[in-house]
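Engineer: Under our numbering, the first residue of the sequence shown carries the number 298, and numbering increases by one thereafter.
Can you keep this structure in mind? I'll have questions shortly.
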Amino acid sequence: MVSIVSIISTILVGAFAFYYGFHTFRKKRLIEDIPRSKIRSIAMGLVEVYGEVVPIKNKILKSPFTQKDCVYYLCKVEKYVKSYRGGGTWVCVAKEENSTHFYLQDETGKVLVDPRGAEIDLPPSFTFYSGIGIDPPPIIKKFLEAKRLSFEGLFGINKRMRFTEYCILPGSKIYILGTAGDNPFMEEGWAQFGIEDVMIQKDENIYYISDKSEKEILAHLKWKSIFCIILGIFLITFGLLLFLSDFIS
């Protein structure tokens, strides 16, 4: 007999997968429906642009793990937790995210971007695994000390850990789907060489930043939405069948 908790959990996971798949499909349709704008011709509201990242002078960050110049970084520390059933999973124990304003530039001009609040889709720029006989680099050890974490476990044996860093680097090409709104820094001269009264930023609309091309993004979102919707339908149906089987018996 299957427990009611397992049945409900299966149905809830299925419902979440279906919702996420539908949400991903809507994002795909939105990207398809909005034409890409040249930066010089962007208007207020939801826009789609593609260009090169240009940092603002004295506004560059240093990524914690690799000390790279960047305008955005996300660092994650994970440890491997074994399951009593065998196998295991990676559990995030610490993360640090930071960003600064930057310009996005194409052949027609450049516009100020505030990346805060965006869904940022990037591949890892750095990954390191520590474990028995493998210590993290000194700079990661300092990061762990600042977070009051240790890479060592019982009897000084290294834990199995994973350190991942994601960055948006100056000069990289990125795609942005976001809202062009008022530039609050216009009087400070940040937009001197761009679209003076506009900044791409977060509002109630979707805000998405990726290093992929639009074609790659659409292909990725298509298969992700199909997979999640099918998985959701399967899990919901399976959970309901388990419930009916348990109820009848």
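Virtual Cβ for every residue (Gly too), placed ideally from N, Cα, C.
How would you write the range of the alpha helix (DSSP H) that alanine 443 sits in, first residue to last?
Structural biologist: It spans 435 to 443 - the alpha helix (DSSP H) in which alanine 443 sits, taken as one unbroken run.
Engineer: Is threonine 386 closer than 9 Å to valine 374 when the C-beta atoms are compared?
Structural biologist: No; because the gap between Cβ atoms is not below 9 Å, this pair is not in contact.
Engineer: Between which two residues does the beta strand (DSSP E) harbouring isoleucine 497 extend?
Structural biologist: Here the beta strand (DSSP E) through isoleucine 497 covers 495 to 498.
Engineer: Output needed for cysteine 464: all residues of its chain with C-beta closer than 7 Å, excluding positions within five of it in sequence on either side, in chain order.
Structural biologist: The answer, listed in chain order, is Ser360, Lys365, Cys367, Tyr369, Tyr370 and Ser422.
Engineer: Pick from Asp411, Met458 and Ile417: whose alpha carbon is nearest that of proline 434?
Structural biologist: Ranking the options by Cα distance to proline 434, first place goes to Met458.
Engineer: For phenylalanine 490, name the three-state secondary structure that DSSP assigns.
Structural biologist: Here the model assigns phenylalanine 490 a pLDDT of 48, short of 50, so the residue's position is not dependable, and the following value carries that caveat. The answer is coil: DSSP assigns phenylalanine 490 none of H, G, I, E or B.
Engineer: In this structure, how does DSSP classify valine 368 when only helix, strand and coil are distinguished?
Structural biologist: If DSSP states are grouped into helix, strand and coil, valine 368 belongs with coil.
Engineer: Taking DSSP as the reference, what is the three-state secondary structure of threonine 534?
Structural biologist: DSSP places threonine 534 in helix when its eight states are reduced to three.
Engineer: Can you find the residues in the same chain that come closer than 6 Å, C-beta to C-beta, to phenylalanine 440, ignoring five residues on each side of it along the sequence?
Structural biologist: Contacts found: Pro361.
Engineer: Mark leucine 451 as exposed unless 16 or more other C-beta atoms lie within 10 angstroms of its C-beta, in which case mark it buried.
Structural biologist: Exposed: under 16 other Cβ atoms inside 10 Å.
Engineer: Apply the 10 Å Cβ neighbour rule to tyrosine 426 and answer buried if 16 or more other Cβ atoms are within range, or exposed otherwise.
Structural biologist: By the neighbour-count rule (16 or more Cβ atoms within 10 Å), tyrosine 426 is not buried but exposed.
Engineer: Since arginine 333 sits in a beta bridge, which residues does DSSP pair it with?
Structural biologist: According to DSSP, arginine 333 bridges with Glu345.
Engineer: Out of curiosity, what's the CA-to-CA distance linking glutamate 345 and alanine 415?
Structural biologist: Their backbone Cα atoms lie some 14 Å apart in a straight line.
Engineer: Output needed for phenylalanine 490: all residues of its chain with C-beta closer than 6 Å, excluding positions within five of it in sequence on either side, in chain order.
Structural biologist: With a pLDDT of 48 at phenylalanine 490, under the threshold of 50, the modelled position of this residue cannot be trusted; read the value that follows with caution. Correct list: empty, nothing qualifies.
Engineer: Take leucine 474 as the anchor and find which of Lys444, Ile417, Pro481 and Trp520 has the nearest alpha-carbon.
Structural biologist: If we check each option's Cα against that of leucine 474, Ile417 comes out closest.
Engineer: Under 9 Å between the Cβ atoms of leucine 537 and isoleucine 308?
Structural biologist: Their beta carbons are under 9 Å apart, which means leucine 537 touches isoleucine 308 by this criterion.
Engineer: For leucine 474, which of helix, strand or coil comes out of DSSP?
Structural biologist: Looking at leucine 474 - three-state DSSP - the assignment turns out to be strand.
Engineer: Let me know if glutamate 329 comes out buried or exposed under the rule of 16 or more other beta-carbons within 10 Å of its beta-carbon.
Structural biologist: So glutamate 329 counts as exposed.
Engineer: Tyrosine 381: buried (16+ other C-beta within 10 angstroms of its C-beta) or exposed?
Structural biologist: Under this definition tyrosine 381 is an exposed residue.
Engineer: Need the endpoints of the beta strand (DSSP E) that glycine 385 sits in, please.
Structural biologist: First-last of the beta strand (DSSP E) with glycine 385: 385 to 396.
Engineer: Quick one: what's got a C-beta closer than 8 Å to asparagine 455's C-beta in the same chain, skipping five residues either side?
Structural biologist: Result list for asparagine 455: Ser427, Gly428, Ile429, Gly430, Ile431, Asp432, Phe448 and Glu449, in chain order.
Engineer: What residue does the beta strand (DSSP E) around lysine 407 start on, and which one ends it?
Structural biologist: Note, lysine 407: beta strand (DSSP E), 406 to 410.
Engineer: Suppose you measure from the CA of phenylalanine 316 to the CA of asparagine 502; what does that come to, to the nearest Å?
Structural biologist: As written in the sequence, residue 316 is tyrosine, which differs from the phenylalanine given in the question. C-alpha separation (whole angstroms): 18 Å.
Engineer: How many whole angstroms separate the CB atoms of alanine 477 and isoleucine 497, which I take to be in contact at a CB cut-off of 8 Å?
Structural biologist: Confirmed, about 6 Å.
Engineer: Around the Cβ of threonine 397, are there at least 16 other Cβ atoms within 10 angstroms (buried) or fewer (exposed)?
Structural biologist: Buried, by the Cβ-count rule.
Engineer: Beta carbon of glutamate 511, beta carbon of tyrosine 472: below 9 Å?
Structural biologist: In contact: glutamate 511 and tyrosine 472 (Cβ atoms closer than 9 Å).
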